[in-house]
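Number of protein chains: 4
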Amino acid sequence: MREQDPPRPAVPPGDLTTAITAPGEELLTLLDRHLPRIRAQAAPNDRDSTFPAETFHGFARDGVLGATVPAELGGMGVSRLHDVAVALLRVAEADASTALALHAQFSRGITLTYEWLHGPPPTRKLAERLLRAMARGEAVIGGAVKDYGREITRLRPDGSGGWLLSGRKTLVTMAPIATHFVVSAQAPAAGGTTLLYAPIVARDTPGLSIVDGWTGLGMRASGTLDVAFDDCPVPAGNLLARGSVGVHSDAVLAGQAVSSVAMLGIYVGVAQAARDLAVDTMARRSATPPAASRTLVAETEARLYALRATASAALVNVDELSPRHDMDPDERGRRMMTPFQCAKVMVNQLAAAVVDDCLTVVGGAAYAAEHPLARLYRDVRAGRFMQPYTYADGVDYLSAQALGLERDNNYVSLRATRPADGR
Amino acid sequence: MREQDPPRPAVPPGDLTTAITAPGEELLTLLDRHLPRIRAQAAPNDRDSTFPAETFHGFARDGVLGATVPAELGGMGVSRLHDVAVALLRVAEADASTALALHAQFSRGITLTYEWLHGPPPTRKLAERLLRAMARGEAVIGGAVKDYGREITRLRPDGSGGWLLSGRKTLVTMAPIATHFVVSAQAPAAGGTTLLYAPIVARDTPGLSIVDGWTGLGMRASGTLDVAFDDCPVPAGNLLARGSVGVHSDAVLAGQAVSSVAMLGIYVGVAQAARDLAVDTMARRSATPPAASRTLVAETEARLYALRATASAALVNVDELSPRHDMDPDERGRRMMTPFQCAKVMVNQLAAAVVDDCLTVVGGAAYAAEHPLARLYRDVRAGRFMQPYTYADGVDYLSAQALGLERDNNYVSLRATRPADGR
Amino acid sequence: MREQDPPRPAVPPGDLTTAITAPGEELLTLLDRHLPRIRAQAAPNDRDSTFPAETFHGFARDGVLGATVPAELGGMGVSRLHDVAVALLRVAEADASTALALHAQFSRGITLTYEWLHGPPPTRKLAERLLRAMARGEAVIGGAVKDYGREITRLRPDGSGGWLLSGRKTLVTMAPIATHFVVSAQAPAAGGTTLLYAPIVARDTPGLSIVDGWTGLGMRASGTLDVAFDDCPVPAGNLLARGSVGVHSDAVLAGQAVSSVAMLGIYVGVAQAARDLAVDTMARRSATPPAASRTLVAETEARLYALRATASAALVNVDELSPRHDMDPDERGRRMMTPFQCAKVMVNQLAAAVVDDCLTVVGGAAYAAEHPLARLYRDVRAGRFMQPYTYADGVDYLSAQALGLERDNNYVSLRATRPADGR
Amino acid sequence: MREQDPPRPAVPPGDLTTAITAPGEELLTLLDRHLPRIRAQAAPNDRDSTFPAETFHGFARDGVLGATVPAELGGMGVSRLHDVAVALLRVAEADASTALALHAQFSRGITLTYEWLHGPPPTRKLAERLLRAMARGEAVIGGAVKDYGREITRLRPDGSGGWLLSGRKTLVTMAPIATHFVVSAQAPAAGGTTLLYAPIVARDTPGLSIVDGWTGLGMRASGTLDVAFDDCPVPAGNLLARGSVGVHSDAVLAGQAVSSVAMLGIYVGVAQAARDLAVDTMARRSATPPAASRTLVAETEARLYALRATASAALVNVDELSPRHDMDPDERGRRMMTPFQCAKVMVNQLAAAVVDDCLTVVGGAAYAAEHPLARLYRDVRAGRFMQPYTYADGVDYLSAQALGLERDNNYVSLRATRPADGR
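Chains as they are written, first to last, in the working numbering: chain A, 19 to 441; chain B, 19 to 441; chain C, 19 to 441; chain D, 19 to 441.
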């Protein structure tokens, strides 16, 4: 924080209402300008499954797409995940889909910054180039993690030091405007082991195609599409190493927590929007509120407070452990992931309960397709499916931690070793 | 039941799997033929908010639309609400929207049969005429209960013994094919009181117009539209009396319970469909089911059993009390309504919990718009908004009954006396 | 049912309020006389962990202890588990501990009647002798199932055709007045298999001792003690065969369901007593009930209705399948056990939720040790620990049934093959 | 904090594991010495309803009873409620009753410090005298808030400038060793208004008597008794003013939040103790943990994290607003009370759910009276009854805040104006 900045509270308020760093606050100010448009377009974009490309062009212009890029590289320098989550919360109150897409870009800035600081030299160079482009609003980098069906996305050597990528990814958010994709892929290695990589592939790479198709129950404006790769050339320098399949390395949990924990802000924002709609509707009614509505409103207030506090605690925890390279890497990974998973389980439960009760409070009007609560009811359900982990994997992880059971906690590796569940 | 029928169990199995009367079983057999088409059209009709008109033409042809019309009037003579609910359950497993629309017609047969048996002479004639037409598949009678916005639907004398109806109704199910509408309306009477009526209005009545517009979060293929009335002429004989506003008559609860309780079958069917999808998906997977999935599947089995048993008990109770004209009418009304409301609260909670857990068990694939679980997740949420009562009114009713508090339990009257909540 | 009996409803009301057979109704009438004393002694017996021996002497005198003994053998001939559960419900409303102890005797009458009808000749003789003694109020037969600690209760041949029993059982209900115990025991057999037996041992058998010690969180007046066996002689004719360890025989589930399902009535009774206390307390207060109390009272009414309906359905199901010896025995076992387990999961959840909410409604006064709700709060928690099954085993069973997974469903066999969990 | 102290984290970890001030940490160190004895005595004291007087004598000797007395007055100077709650949490893990009694003394130190700093001169003197005595371990000051039955505790002038106090208080914690009681009392004032006071009365005052009697469902070793006052003389200077009955002053909420919010730590401690018992028991078992147990353990971890984070956020919030005398006093009161109430609702729900699931995980062994989980199951239930507010009042408060409804939020005043509910 610079000298002339106003003093910030030493203690985050625990409710995700304000940023705790100056860049975080600047980001909120920047976003404020975009919120009216985001809010206005939420309903039509949801109806038509339209990605808010104009909004993202505005983000590019204003530097929002480089919010998590270090200031040295031209970005805004928002480095605390707490502040990233507060920003996503604000956007999600207006439109959760927009927040989900933005989360992908923010997350990329955070993880590429880590590569830039700690990666091997070629990776650093790549990361710097991408980060500078993100800061200029020229690079938009989607994540392509989940394989389509049972087909595994694989890399094979091209014979001249580079690689060829083939496969198909599904549920790639922000795909309509992405300039690059970070792809989870496997490659066989010596000794029968399988290595995990994350190649970064430009959109205009030969063999890459965007496959239209997926429409979601919710999060319909998040630009979530499939991306197919047919022997796409990937230079060796564009590959991030992601460990080996079947090696029980908990060190990787740190990166997985860092890249995903801010999404908690999205679901807090969804719950907050639902609460505000319900309370505003009730307050406008002239009749005395019925007993059930008072009870549900009070429970909603309590749950919303709990989910803000719980998400906030998990975010601050990741922020505190993130620079702790003095720690045992496995221990650090678990200490970042465990509170995140606890918070994720609770946020998914509490946010969904809040939205559901708000529908009940508002009544039949909320059951119309175009009612914002109907959208929130669909959007909030996405939280349970986000990695890491699904609910079932989260239960396995948390109970294994508590009971001292051995387990591969790396969901990317785990998924590579078990039969696909199909779509 | 006819002499040659196979013996039926004296005791309903409490799980809503089979009919307990011969006509009920015949209805199930008839419906079986329609289920494949209903199932196949569920997804596209939901996507496009299209009413399954072809299915209903088939219903008309096969006599399904006269299922609850007495055999003497040409109908199938299904008179037990238990059996009506089992039929709706079967249809809802295939498509909840179709079941919801069919429920309106079945309910109309039951209540018009009551008017035919117990109403004043002109009403009996009207009821007979309509019931015979329903049995022939020529009359399809929608219910138009809820006022649009704050506008109250009113009757005024036309000066020559008849009435003129004006107003607008919303959430009228089965509207695309309805030949008549039973409309909730008010008319001022001598002494400052306001009377409640249910005029039956033919679709081609001058001044009646169908207003397109509503699209739901779920139940999108149920043909739910608005109907507007602009000085529609209503002959005096086409008016069913429905009591006075503000008179605390619990006798009316009997009719309200009879006309609505079978809808419990719809939500049991939705939950059953979700359970089957989840269990089938899990069973197809080669991996050992994770701990969380086993727990959720077991909880789902238990909840599904409880909601079947609870709905069944409430249905059998209404069936038993329905012919009990020896009882005090207020007492009879309450003893029909209270178990129905208990069951409604639980069915809405348990069915929604079942569907939600089934999404979690199936995983991200269930979050696609076209996945049947995504439709069930939206459809199941309608239950809380169905009258009688909304959740808030149900809490007021049940707690007032338990604690001996005085209250107007007639939701139509109650709604007429309190400020509208807007849409 | 005898000719002169008043007609009974063909359909059980689904709410466990009345018996459906004449002997069942007679039992209710008999019990009515005992209820005031049972109710009055509930608090002091709970405080002091005192078994209500006087009440049971009264039961013996009135024939209650032979309620489930066939009329041909001098008993009351209550054969429907539905009616047994209604009787237990009534007693549990007054005192759950008394109901739990009485359940052991009722259950014994049912299972011994089965042995009398279907067992091998020596068993029939034994059963007849015991049943006649139960009818005369002279035999009180406790069940001794759970081993104390890791010590396994075993039978070994005495060399002259009889057996010697050694081990220690815990959680033996009704022990203070039991004249006999049915003991779960193992004996090695040819070929390395282990057979399961249920020897019936008279209290005055040499080597048998009652061990004082256990005091419960609740159910403190149920006379639950430990019983130790030190080379107790058991004649060959006093042994009931119970299958082999590790054989996945689902036929045994029938007997396990029959002997335990009536306990559902106990927890319905506990919930009903809590509800009545809360509603009576609220109704006596002059203030307008607060919103939260109205909501909790309404939820309580709904849950109580659901748990009555669910328990009733499971009971009627067991009653219907019990005589179906035409069915595949494994299939019959599963079809009796599955609904029972579903109902057990729900009853345990809903009854505990009812009691908990009733404490909240009544307020701080309910937190005094001597308040009846405080006792109910402790008593209701016993339900989750009752076999078959514990919650964890119930989840394994129900999910295995749904998903088609192979599993030993016989909890006695299962427990014999896995490491003891200690106390 | 002194110069030489190790640096403390600027950010509380949000999980109530460590103190955030040096005096807070010193208190934890002091308490550590007492924990083994507290833990060892928890079971026998609970069984016999015995107050741990020896433990409190040890607390007196070590200065623990003056922990929240300012260092200037000889105390330890723990001024952050966050740290008070962490201390109570640690004690509650060993024994919740001891923590509850200690909470009364800690709370008194905090509120008397406020009187010492901000009260009128005579009150300051009184407060200083008492605080110095607390620091020396000589003063133990119980709170006597709740009237026994419908009798209102009243002050009347003694004719010579002092007062006479009469009435009876119930649920007075720490009564066996209290040297003084702060009593909630009313006195009529000019103009028909009724004033609220908190006289501080020494135990040896003529007319004061300790009434044995209450035994709790739980918290049985907290020394909770009744105290009766029969014209006890109270000097004018020993009276703290507490506003008027019926004046809707939200300023008083600040003091009520400050004096009660630390109790959240107690219930977090109870939940943590239950979790540790369950996890340790599971980990000792050799068998593979069943699916249900893994699910419940994972849910327990998540809930425990959420309740720690939520309680922590509410505590930090009170600590931050406590010195904000620049704010509007009503606004400050509400902003302290609202998060506290949200946290209280959630902590009571989540802590009870954790304890309940831990019983299920451990199994039947936990149902023995002497098992620590059985004690925790009874202790945790106290939370819902603690003021401010009961659950019903909390729902009224939170919903009124959200919906902008007018209401008397001062529970002491509110209780004085509504009919007593009896015990």
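Every residue gets a Cβ at the ideal spot worked out from N, C-alpha and C, and that includes glycine.
Would you report the Cα separation of residue i and residue j, rounded to the nearest angstrom?
i	j	result
B/Gly-381	B/Leu-235	21 Å
D/Pro-251	D/Leu-432	27 Å
D/Glu-156	D/Ala-78	7 Å
D/Asn-63	D/Val-297	25 Å
B/Thr-299	B/Gly-261	52 Å
A/Gly-32	A/Val-286	13 Å
C/Asp-411	C/Asp-337	24 Å
C/Ala-384	C/Leu-391	6 Å
B/Pro-6	A/Glu-388	Here chain B covers residues 19 to 441 and nothing more, so residue 6 of chain B does not appear.
A/Ala-324	B/Gly-81	55 Å
B/Phe-247	C/Arg-302	50 Å
A/Ala-329	D/Val-430	35 Å
D/Thr-141	D/Val-201	15 Å
A/Val-373	D/Met-364	17 Å
A/Leu-45	A/Pro-206	43 Å
D/Ala-310	B/Arg-186	52 Å
D/Ile-38	D/Ala-327	15 Å
B/Ala-259	B/Leu-149	18 Å
For the beta strand (DSSP E) containing residue i, list its first residue and its last residue.
i	result
B/Thr-212	212-220
B/Gly-454	Chain B is shown only over 19 to 441; residue 454 of chain B falls outside these bounds and no answer can be derived.
B/Arg-172	172-175
B/Val-229	226-229
A/Gln-204	203-206
B/Val-379	Looking at the DSSP string, B/Val-379 is not in any beta strand (DSSP E); the run it does join, the alpha helix (DSSP H), is 347-380.
Please look up how many angstroms separate the CB atoms of residue i and residue j, rounded, as I've assumed it's under 8 Å.
i	j	result
D/Phe-358	D/Ala-275	5 Å
A/Leu-118	A/Ser-240	4 Å
D/Glu-317	D/Asp-375	6 Å
D/Gly-283	D/Leu-34	6 Å
B/Ala-420	C/Val-315	5 Å
B/Thr-73	B/Thr-116	6 Å
A/Thr-435	A/Gly-255	In fact, because the Cβ distance is near 28 Å, the residues do not count as touching under 8 Å.
B/Leu-99	B/Val-109	Rounded, the Cβ-Cβ distance is 15 Å, inconsistent with contact.
Identify every residue that forms a DSSP beta bridge with residue i.
i	result
C/Leu-257	C/Pro-217
D/Ile-159	D/His-198
Which residues bound the alpha helix (DSSP H) around residue i?
i	result
D/Ala-292	282-302
Please list the residues of the region 302-314 of chain D that have a C-beta atom closer than 9 Å to any C-beta atom in chain B, keeping them in chain order. Pro-307, Pro-308, Ala-309, Ala-310, Ser-311, Arg-312, Thr-313, Leu-314
Using a beta-carbon distance cut-off of less than 7 Å, what residues from the region 348-373 of chain D approach chain A? Pro-357, Cys-360, Ala-361, Val-363, Met-364
Using a Cβ-Cβ cut-off of less than 9 Å, list which residues of the region 233-261 of chain B approach chain A; keep chain order. Thr-233, Gly-234, Leu-235, Gly-236, Met-237, Arg-238
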